[in-house]
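*Asks:* Numbering (UniProt numbering), first residue to last: 1 to 147.
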């Protein structure tokens, strides 16, 4: 696996923040339009993916490529994801991967104490791990180093 140029998880809303960068998105294929695919992102908005999907393609496809504009991706890698997919869960992963705190249902330090606000005083150097229990019992750990 090539880790030298990771792709950021995005939905259509987050795509505009990452123009010019390598991204990954799952779309629901709505229609093929010449050399591009018109699809619905996991947040319900439209994304245009430039390139040719695998044939035959499934209803849901993961695309890795360069964010070409606010609404388009220049595809490098296409992966069929099947005909049923939990778009809401993937959308939450996109938000989590981009640091949007709105989906964090519960914060806790590894020691077990609840923490609602992790914005501690800047002069104190610390390294901490925060755990979040999300959808379907999935536990995600997040690390911070603050100076």
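Beta carbons: idealized from backbone N, C-alpha and C, even for Gly.
Since the model is a prediction, treat every value here as computed from it, not as a measurement.
Please list the terminal residues of the continuous alpha helix (DSSP H) segment that includes residue 12.
*Replies:* Indexing the chain shown from 1 puts residue 12 at position 12. Unbroken alpha helix (DSSP H) run through residue 12: 12-15.
*Asks:* Could you have a look at residue 88 and say whether DSSP puts it in helix, strand or coil?
*Replies:* Indexing the chain shown from 1 puts residue 88 at position 88. Here residue 88 sits in helix by DSSP.
*Asks:* Please determine, among 69, 63, 72, 42, the residue with the shortest C-alpha to C-alpha distance to residue 88.
*Replies:* Against the chain shown, residue 88 aligns to sequence position 88. Selected option, being the one with the closest Cα: 42.
*Asks:* Distance check for residue 75 and residue 13, CA to CA, integer angstroms please.
*Replies:* As a position in the chain shown, residue 13 is number 13, starting the count at 1. As a position in the chain shown, residue 75 is number 75, starting the count at 1. So the two alpha carbons sit approximately 18 Å from each other.
*Asks:* Buried or exposed: where does residue 56 fall if 16 or more other Cβ atoms within 10 Å of its Cβ makes it buried?
*Replies:* Here residue 56 refers to the residue found at position 56 of the chain shown. Classification of residue 56: exposed, given that the 10 Å Cβ count is below 16.
*Asks:* Smallest Cα separation from residue 4: which of 67, 18, 54, 22?
*Replies:* Along the chain shown, one-based indexing puts residue 4 at 4. Taking only the C-alpha atoms, the option nearest residue 4 is 22.
*Asks:* Rounded to whole angstroms, what's the CA-CA distance from residue 70 to residue 83? Just pull it up for me.
*Replies:* Looking up residue 70 in the chain shown gives position 70. Looking up residue 83 in the chain shown gives position 83. Cα to Cα, the separation comes out at about 26 Å.
*Asks:* Could you compute how far the alpha carbon of residue 38 sits from the alpha carbon of residue 49?
*Replies:* Residue numbering aside, residue 38 sits at position 38 when the chain shown is read from its first letter. Residue numbering aside, residue 49 sits at position 49 when the chain shown is read from its first letter. Their Cα atoms are separated by approximately 6 Å.
*Asks:* So residue 67 and residue 61 are in contact, right, with Cβ under 8 Å, and what is the actual spacing, rounded?
*Replies:* The sequence position of residue 67 within the chain shown is 67, counting from 1. The sequence position of residue 61 within the chain shown is 61, counting from 1. No, residue 67 and residue 61 are not in contact; Cβ-Cβ is about 16 Å, not under 8 Å.
*Asks:* Since residue 7 is in the beta strand (DSSP E), which residue starts that stretch and which ends it?
*Replies:* Translated into positions along the chain shown, residue 7 becomes position 7. Run containing residue 7: none; DSSP gives neither H nor E here.
*Asks:* Measuring straight from C-alpha to C-alpha, what distance separates residue 30 and residue 97?
*Replies:* For the purposes of this step, residue 30 is taken as the residue at position 30 of the chain shown. For the purposes of this step, residue 97 is taken as the residue at position 97 of the chain shown. Computed Cα separation, rounded: 26 Å.
*Asks:* Using the C-alpha atoms, what's the distance from residue 80 back to residue 15?
*Replies:* Here residue 15 is taken as the residue at index 15 of the chain shown, counted from 1. Here residue 80 is taken as the residue at index 80 of the chain shown, counted from 1. For residue 15 and residue 80, the distance between alpha carbons rounds to 20 Å.
*Asks:* Given residue 58, which residues of its chain have a CB within under 7 Å of its CB, disregarding the five upstream and five downstream residues?
*Replies:* Translated into the one-based positions of the chain shown, residue 58 becomes position 58. Counting only Cβ-Cβ distances below 7 Å, and skipping sequence neighbours, we find 80, 81, 82, 83.
*Asks:* Can you look up residue 45 in the DSSP assignment and give me helix, strand or coil?
*Replies:* Looking up residue 45 in the chain shown gives position 45. Of the three classes helix, strand and coil, the one that applies to residue 45 here is coil, per DSSP.
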